[in-house]
Structure formats: structure tokens, C-alpha cells
Amino acid sequence: MRHTFSRGLRAANAAAGAALAAIATTALLPASATADLQAQPGGVASACTIDGNAPKELALVSLRLNAAAGNKDFAARRPVLVAMMKDLETKPERFKSNLVGYHYTRSQVLTLMGADSAIGFMPTRGSIGLGGAPDEKFDLVGALDSDFKAVVAGSAACEKDVGDLRQNDVWLALTRRALDASNANQPDTAMYYAQQSLRLSTASPYPHYVLGNVVNAKGDKAAAVGHWKQVVTLAGNDSTYRDLRNSSLYFIGAAQVDLAEKMSGAEKQTAARDAAASFKQLIDAAPNSADMPNAMQAMAEALTVAGDSSKVATVYAPLMAANGDFSDFAYTMGGVIATRANKLEDATVMFESAVKKNPTARDALRNLAATYYARNQYQKMFDPSAKLVAIDPNNKDGWMMFAYGYQGLMQGTKVAAEKKAFGDSLVKYQTYAEAMPAKVDVKNFQRGANAVTLVLELEQQAAKAGTYEVTAEFLDAKGAVVAKDTQSVGPIEKGKTATVTLKATGDGIAGYRYLPIK
């Protein structure tokens with residue numbers, strides 16, 4: 026079973042879009058005989074200089090370019106840009122003496138044009154002042170790419186500066202469109218704009234992120250892994266790309282596991298180990314994120330697929346040594362992983378840590394009681410079981426924990442009076458579990474920063490159909506009520522089920538309890 030990142034792909038794309046929107050693209054810069062093209066970080070001047078004053082025809086265009094760049098009225102500057110383009114393309118031999126200046130200036134005119142949605146990325150030649158067939162399409166992105174290459178070819182010192190200039194308003198618009206199309210489930214459109222973005226700049230992780238998502242959806246997981254690896258490489262340790270990098274690490278691991286399951290032998294082991302390494306990288310990068318439990322589970326699965334079950338304990342090893350520094354969700358997942366690896370002592374430590382962190386952690390309480398049972402520590406079962414049924418009173422399995430505990434105690438004693446007392450308690454709790462009019466299964470509990478959603482499924486056990494008022498109290502880590510919600514459900518016929526959703530908002534909600542359903 027594959028597990029998905031809790032935010033989901035759409036939310037991850039939205040986060041990427043928000044981060045992209047915050048990027049300030051490189052501004053148009055004047056070209057002169059004496060000015061550096063761009064100052065380097067720390068105030069060190071670039072060695073790149075471009076002469077925009079010779080020949081005189083180029084100087085005239087450069088002057089109008091600076092004026093056009095300062096005019097934010099696209100409609101007003103559009104004819105000015107068309108006129109400049111016509112001047113640059115009419116008798117281009119006039120600029121042979123300064124090809125670097127010519128191509129730089131033309132790239133800036135094209136950048137201003139491409140930023141205008143009314144012109145677009147594939148305008149007709151006639152619409153932008155070019156000769157030839159007026160209705161023929163003009164590849165504006167390709168022309169920009171050619172101009173930037175020509176500047177570097179003519180002046181190698183400008184390579185770094187041109188690399189920065191490539192992430193201009195045209196690149197930004199293309200990349201935004203790629204992300205928007207990916208969000209809108211338009212894979213072909215997303216792929217097209219991402220590929221166009223890469224024609225202008227290969228230095229950003231965004232287009233590779235989109236392409237990874239698109240080709241993965243098309244079934245080419247190997248190609249998707251390649252793109253997501255590019256995201257990780259290009260993102261580096263830049264906090265701007267943190268969510269993008271972490272999402273990609275998860276997607277890499279998930280795809281590698283899927284690929285491994287279709288392989289065999291050494292090839293399968295290698296792919297699965299690569300997946301485990303990707304998940305480990307994610308865990309190390311975001312140890313306290315809400316997605317860590319999913320990454321832990323996925324890493325454990327990858328190690329199992331690789332045949333490295335003996336290494337599964339390394340997944341939760343940091344939690345064993347953390348002294349309560351992780352979330353109750355993380356400790357609970359660590360306990361589940363340890364249980365599956367038959368490391369019951371480790372599982373006990375994990376579940377106890379989860380309950381200590383959050384005494385209302387239902388899954389941790391249930392698993393802790395079950396782990397005590399598996400270790401024949403029957404007397405210890407009763408405390409977590411009592412806390413469990415206090416928050417989940419109509420869960421049949423919770424009451425049966427008491428029955429199992431007393432069964433273990435009954436089987437472990439030879440004292441007749443104790444055996445009878447334990448047996449009576451076994452019957453008491455088993456009878457209570459069976460006699461509830463409706464039993465409840467907690468289907469989902471989503472805990473956000475200040476909003477929670479609890480979904481309960483009720484199954485009618487009583488012969489007569491039942492209608493119930495269900496009230497949930499949402500608690501902080503100390504058990505105090507932060508908020509509550511009441512919803513009606515029913516009528517439910519015997520043997521049938523119905524779900525009820527309860528929601529609340531409030532700060533510091535760590536858990537819940539619902540009132541007994543009678």
C-alpha cells in the first residue's frame with residue numbers, strides 16, 4: 026500500500042506557486058560602454074560590460090528601451106516595442122560591429138514583449154514588426170535563448186550575468202503557467218510550459234518539479250525520478266525551496282519502491298535501498314514535520330522490499346534516543362514499525378513515549394495495551410485501556426482489551442478464587458462490549474494547527490434501529506476541553522453503518538473524546 030504526502034500533490038503545487046510568486050525577476054539593465062552589466066553579491070563588480078552606445082543606431086534603440094522599461098502600461102508601450110524590434114531587424118548588418126550589444130538589446134526588447142500577455146510567446150511576425158510572412162509564428166522563447174547564447178559567445182565574462190537574466194519575466198510567466206496547468210490537471214499543457222521554461226533557464230527546480238509530476242502521472246516513473254532528483258539538486262539547502270525539495274524526496278522514494286516491486290534480484294534490492302535512502306534524507310531534513318510518520322513508514326517498507334528487515338530498527342532509532350523530542354504521531358508510527366519488526370520492547374518504549382507526549386493519543390493507547398498483551402504483561406493493560414475507553418467509549422475493541430487482560434491473568438494463576446474473579450471480569454467486559462446499542466469505529470482524525478475533523482462510523486448492534494446525538498469534545502494535551510461539536514445520525518438499521526463528521530476550531534487541540542452513545 027502506497028502512502029501519500031499529507032499535503033497532497035495539489036497543496037504541494039500551491040506551495041510551489043506561492044514561493045515562485047515571491048521571486049523578483051532580474052530587472053532590465055541599461056547597456057553602456059562603461060557600466061558593469063550587474064554587480065555581484067558582496068559588492069564585487071562583474072567583469073561583464075556591454076557597449077550599448079555603438080553604433081549610433083543601437084544607442085537610439087537603447088535609449089527608447091530604458092524609457093519603455095519604465096512604462097508599466099503595456100498597451101502604451103506595445104507600439105514602442107514593435108518599432109524597436111523593427112529597427113533592430115531592419116538591415117541587421119548595421120550592428121555587425123557590436124553583435125554582443127545588439128543581441129543583449131534585442132533580448133531585453135523580447136523580454137518586455139513576452140511579459141505582455143497580449144503579445145504572447147508565439148506572436149505572428151507581423152504583429153511585432155518583423156519582416157517576412159506576416160502571419161508566420163515567431164518563437165519568442167527560442168529567439169530569447171539565441172540572443173542570450175550569442176551574448177555569452179561574444180563575451181564569456183557575461184556567462185554568470187546572462188544566467189541571471191534568463192530568469193526574467195518571460196521565464197516567470199512560463200513557469201507559473203506550468204504550475205497552474207499542473208494544478209488544473211492539464212498534463213500536456215503543464216509539460217509544454219515547463220519545457221519552454223527550461224529553454225530559458227535550467228537553474229530552477231520548478232520546471233523539473235512539474236515535469237516529474239506529469240511524467241509520473243503518465244506512468245514513466247523512472248523519468249519522474251530523474252526530474253525530482255534535479256529538483257533536490259537545484260533546491261540544495263535554500264529554504265525557499267524547502268517544501269519543493271521535501272515533496273520531491275518523498276515522491277522519489279515512493280516511485281523507487283514502485284519500480285523495485287517490478288524488479289527482481291540485485292536490481293530490486295538496489296532500487297529499494299535507493300528508495301529507503303531518499304526517505305531517510307527526507308526524515309533528516311524535516312524531523313519534526315507533520316509528514317515524518319509517513320516518511321518513516323515508507324522507509325520501513327522500502328527496507329522490507331530490499332530484504333533488509335534487520336535494518337528496520339534504524340528507522341525509529343532517532344526517536345528511541347530523543348527523550349520526547351518528537352510528536353506523538355511520530356512515536357506512534359515508530360511503535361507500529363517496531364511491532365511489525367517484532368521488536369516489542371522497542372514498540373513499548375515508542376507507545377509509552379507517545380502517550381507521555383499526548384495522553385489523549387487514541388492510537389497510541391490502543392497499541393500500548395495490545396503490546397502489553399503480546400508481552401504477557403496483562404496487569405499493565407488496564408491503565409491504557411481505561412484511558413482508551415474514556416475517549417472512545419463505544420469502541421468494542423477497547424472494552425475487549427479488559428477481557429483479554431483478565432483472560433491472561435486467569436490463565437496465569439492456579440489460585441481458584443483468583444481464577445474465578447478474573448473469569449467473572451472477563452465475562453463482564455465481553456458482555457458489555459457485545460451489549461452496546463451501537464459500536465463506533467474512528468475512521469479519521471485530522472489535526473491541523475487550529476482546526477480538527479473527526480469522522481466516526483457507527484454500526485447498529487441493537488435489534489431496533491437507532492438515531493443518536495453524537496457529541497465530541499476536543500481536548501488539549503492536558504485533557505482540558507477546547508471546543509465541542511454535536512451532530513445527529515440515524516436512523517441506522519441493525520447491521521448497517523452510518524458516518525458522522527464532527528469539526529471544531531481552537532488552538533492547541535491534541536485529541537478528542539466523544540460522549541458514550543446509548
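Residues in the sequence shown are numbered from 26 upward in steps of one, following the numbering used here. We treat Cβ as the ideally placed atom computed from N, Cα and C, and that holds for glycine.
{"query": "Locate the beta strand (DSSP E) running through residue 454, then write down its first and last residues.", "result": "Residue 454 -> not in any beta strand (DSSP E); alpha helix (DSSP H) instead, spanning 441-460."}
{"query": "State the start and end residues of the unbroken alpha helix (DSSP H) segment that holds residue 232.", "result": "231-242"}
{"query": "Please report the straight-line C-alpha distance between residue 460 and residue 419, rounded to a whole angstrom.", "result": "10 angstroms"}
{"query": "Looking at C-beta atoms only, is the number of pairs between the stretch 515-527 and the stretch 396-412 that lie closer than 8 angstroms three or more?", "result": "no"}
{"query": "In the structure shown, what three-state DSSP assignment does residue 538 receive?", "result": "strand"}
{"query": "Is it a yes or a no for the stretch 435-443 touching the stretch 464-473, going by three-plus beta-carbon pairs under 8 angstroms?", "result": "no"}
{"query": "Answer yes or no: do residue 274 and residue 250 have a C-beta to C-beta separation smaller than 8 angstroms?", "result": "no"}
{"query": "Residue 332 and residue 304: beta carbons closer than 8 angstroms?", "result": "no"}
{"query": "For a test of the three-state rule: what should DSSP assign to residue 513, helix, strand or coil?", "result": "strand"}
{"query": "Given that a residue counts as buried once 16 or more other Cβ atoms are within 10 Å of its Cβ, and exposed if not, what is residue 210?", "result": "exposed"}
{"query": "For a test of the three-state rule: what should DSSP assign to residue 491, helix, strand or coil?", "result": "strand"}
{"query": "Over what stretch of residues does the beta strand (DSSP E) that includes residue 466 continue unbroken?", "result": "463-472"}
{"query": "So what's residue 56 in DSSP terms, helix, strand or just coil?", "result": "Low confidence applies to residue 56: its pLDDT is 43, below 50, so where it sits in the model is not reliable enough to give any reading."}
{"query": "Starting from the N-terminal side, write out each stretch of the alpha helix (DSSP H) that is 4 residues or longer and does not extend beyond the stretch 308-363.", "result": "317-330, 338-345"}
{"query": "Could you give the distance in angstroms between the alpha-carbon of residue 223 and the alpha-carbon of residue 239?", "result": "15 angstroms"}
{"query": "Counting along the chain, where does the beta strand (DSSP E) carrying residue 527 start and finish?", "result": "522-530"}
{"query": "In terms of DSSP beta bridges, what is residue 483 paired with?", "result": "465, 523"}
{"query": "Does the stretch 313-325 come into contact with the stretch 283-293, if we say contact requires no fewer than three beta-carbon pairs (one atom in each stretch) closer than 8 angstroms?", "result": "no"}
{"query": "Which of the three DSSP states is assigned to residue 496 in this structure?", "result": "strand"}
{"query": "Is residue 69 helix, strand or coil when you go by DSSP?", "result": "Any answer about residue 69 is weak, because its pLDDT of 44 lies below 50 and its placement is not dependable; what the coordinates show is given next. Three-state DSSP puts residue 69 in coil, outside helix and strand."}
{"query": "Between which two residues does the alpha helix (DSSP H) carrying residue 126 extend?", "result": "124-139"}
{"query": "What are the partner residues of residue 373, as DSSP defines its beta bridges?", "result": "Note: residue 373 sits in no beta bridge, so no partner."}
{"query": "Counting only runs that start and end within the stretch 77-103, where is the alpha helix (DSSP H) found for 4 or more residues in a row?", "result": "81-94"}
{"query": "Would you mind sorting residue 314 into buried or exposed? The rule is 16 or more other CB atoms within 10 Å of its CB.", "result": "buried"}
{"query": "Just how far apart, CA to CA, sit residue 406 and residue 271?", "result": "39 angstroms"}
{"query": "From which residue to which residue does the alpha helix (DSSP H) around residue 159 run?", "result": "It is not in any alpha helix (DSSP H) - residue 159 carries neither H nor E in the DSSP assignment."}
{"query": "What is the DSSP secondary structure of residue 149, counted as helix, strand or coil?", "result": "strand"}
{"query": "Between residue 184 and the rest of its own chain, which residues show a CB-CB distance below 7 angstroms, the 5 nearest in sequence each way excluded?", "result": "177"}
{"query": "Tell me which residue opens and which closes the alpha helix (DSSP H) that residue 216 is part of.", "result": "212-225"}
{"query": "Give me the residue from 170, 158, 151 with the minimum Cα distance to residue 128.", "result": "170"}
{"query": "In whole angstroms, what is the alpha-carbon distance linking residue 85 and residue 228?", "result": "33 angstroms"}
{"query": "Mapping DSSP to helix, strand and coil, what is residue 209?", "result": "coil"}
{"query": "Just the C-alpha distance for residue 389 and residue 428, rounded to the nearest angstrom, thanks.", "result": "19 angstroms"}
{"query": "In angstroms with no decimal places, state the Cα-to-Cα distance between residue 327 and residue 298.", "result": "7 angstroms"}
{"query": "Going straight from the alpha carbon of residue 191 to that of residue 157, what length do you get?", "result": "27 angstroms"}
{"query": "Can you tell me whether residue 410 is buried or exposed, with buried defined as 16 or more other CB within 10 angstroms of its CB?", "result": "buried"}
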